[in-house]
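Note that the sequence shown covers residues 1 to 285 in full-length UniProt numbering.
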Amino acid sequence: MLPVIRHKKSEELYLTKLGLRFIWIGHASCFVQMNSFRFLVDPVFSERCGIASFIGPKRFRPPALIINDLPDDLDAILISHNHFDHLDYSSVKELNKRYGERLTWFCGRGTRQWFLDKHVKNVVELDWWEEYHFSKKKVNIAFCPAQHWSGRTAFDTNKSLWGGHAVWDATHKFYFAGDTGYTHNISIFRQTGEKYGPFNLSAIPIGNYEPQWIKQAHHVSPDEAVQIHIDVQSKKSIGIHWGTWGLGNEYFMEPPVKLSKAVKINQLDPSSFIVVKHGEIFDLP
1 MLPVIRHKKS
11 EELYLTKLGL
21 RFIWIGHASC
31 FVQMNSFRFL
41 VDPVFSERCG
51 IASFIGPKRF
61 RPPALIINDL
71 PDDLDAILIS
81 HNHFDHLDYS
91 SVKELNKRYG
101 ERLTWFCGRG
111 TRQWFLDKHV
121 KNVVELDWWE
131 EYHFSKKKVN
141 IAFCPAQHWS
151 GRTAFDTNKS
161 LWGGHAVWDA
171 THKFYFAGDT
181 GYTHNISIFR
191 QTGEKYGPFN
201 LSAIPIGNYE
211 PQWIKQAHHV
221 SPDEAVQIHI
231 DVQSKKSIGI
241 HWGTWGLGNE
251 YFMEPPVKLS
261 KAVKINQLDP
271 SSFIVVKHGE
281 IFDLP
């Protein structure tokens, strides 16, 4: 019903030509290659997402890639915020062990000290709308606003910033929405589209939205995800943040069904906003 595609030869996963490649690892974790620039967003490889390895929701789908599958020349990791299903200590520790200072980490304002405390040294902290030029690969990265919150304990609520990322070079533009709600016709996504769009590809959350009375302010439904797709001027979007952990009350296969209906209601091309299998390779020229 929800297969995980595993690849026998990891070297076949990575582009050797120009273009944009996207692989959904699971939940919000994604591998993206934009021409020669290779990066991860919100990588979580652990069995559970919680304050300890034995606490928190357990996966019902394994990660489609493991750390050993990743390329030796991985350039960067983008972190949207510090919730456990997006920032996982064990995964950070193992990635840092393999790559060390060869890897550049990007996070929201107030998160850098957490990484330094974990002996991760090469960390760039960004405010909303702040941009960073990754000169080695001629790529730009911007931290974009989202409607969410942050916190890992009872004492650090909203002490660090949350958001999404826009990544672009001379030929391609990619947008990662992070975790977000969409209420009161919020304008931040239209602003993102006006400032950085149109995007060739976006990764937008579509799951963990029930019950609405609790979730709506912080997690979009598929209908609201389509509105973000429209607002940011995305040519093609992929639905993420579903089918991996049971974090919402909706049936785990409901998000893609509702997404398809929302795309139809908004009279969009059915191929403009889709879902992919865990581990499926999605390419754009």
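Glycine included, each C-beta is placed from N, C-alpha and C at the ideal position.
Which residues share a DSSP beta bridge with E125? Position 125 of the sequence shown, counted from the start, is the residue given in the question as residue 125. Answer is C107, bridged to E125.
Does the region 102 to 113 come close enough to the region 57 to 65 to have 3 or more Cβ pairs within less than 8 Å? no
Please list the segments of the alpha helix (DSSP H) lying wholly inside the region 2 to 79, counting only runs of 4 or more residues, in order along the chain. none
C-beta contact flag for L268 and G207 at 9 Å: Stepping through the sequence shown from its first residue, residue 268 is reached at position 268. Stepping through the sequence shown from its first residue, residue 207 is reached at position 207. Against a cut-off of 9 Å, the Cβ pair of G207 and L268 comes out as no contact.
I need the boundaries of the beta strand (DSSP E) containing N140, first residue and last residue. The sequence position of residue 140 within the sequence shown is 140, counting from 1. Looking at the DSSP string, the run of the beta strand (DSSP E) that includes N140 is 139 to 144.
Decide yes or no for the touch test of the region 164 to 173 against the region 191 to 210: beta carbon pairs closer than 8 Å, at least 3 of them. yes
Bridge partners of A203, per DSSP? Counting from 1 along the sequence shown, the entry for residue 203 is found at position 203. In the DSSP assignment, A203 forms a beta bridge with F176, I238.
Expressed to the nearest angstrom, what Euclidean distance is found between the alpha-carbon atoms of H229 and P145? For this step, residue 229 is matched to residue 229 along the sequence shown. For this step, residue 145 is matched to residue 145 along the sequence shown. Looking at the two C-alpha atoms, the distance is approximately 15 Å.
Under 9 Å between C-beta atoms of I238 and F189: By one-based count along the sequence shown, residue 238 stands at place 238. By one-based count along the sequence shown, residue 189 stands at place 189. No, the pair does not count as a contact, with Cβ atoms beyond the cut-off.
Could you tell me whether the region 79 to 93 touches the region 14 to 30, where touching means 3 or more Cβ pairs closer than 8 Å? yes
Using the Cα positions of E94 and V120, report the straight-line distance between them to the nearest angstrom. Residue mapping note: residue 94 aligns to position 94 of the sequence shown, counting from 1. Residue mapping note: residue 120 aligns to position 120 of the sequence shown, counting from 1. One C-alpha to the other measures close to 11 Å.
Check whether the Cβ atoms of A142 and A177 sit closer than 9 Å, and answer yes or no. The residue labelled residue 142 in the question sits at position 142 within the sequence shown. The residue labelled residue 177 in the question sits at position 177 within the sequence shown. The answer is no: Cβ separation not under 9 Å.
For P270, count the other beta carbons within 10 Å of its own beta carbon; 16 or more makes it buried, fewer makes it exposed. Which is it? As a working mapping, residue 270 is identified with position 270 in the sequence shown. Exposed, by the Cβ-count rule.
Reference D72; option with closest CA among R98, G108, V41, I204: The residue given as residue 72 occupies position 72 in the sequence shown. The candidate whose alpha carbon is nearest that of D72 is R98.
Could you please give me the residues that DSSP links to Y132 through a beta bridge? Residue 132 sits at position 132 when you count from the first residue of the sequence shown. Bridge partners of Y132: I141.
Which residue wins for smallest C-alpha separation from L213, given the options T157, N249, L78, S234? Residue 213 sits at position 213 when you count from the first residue of the sequence shown. Looking at the sequence provided, one finds Trp at residue 213 rather than Leu. Comparing Cα positions, the closest option is N249.
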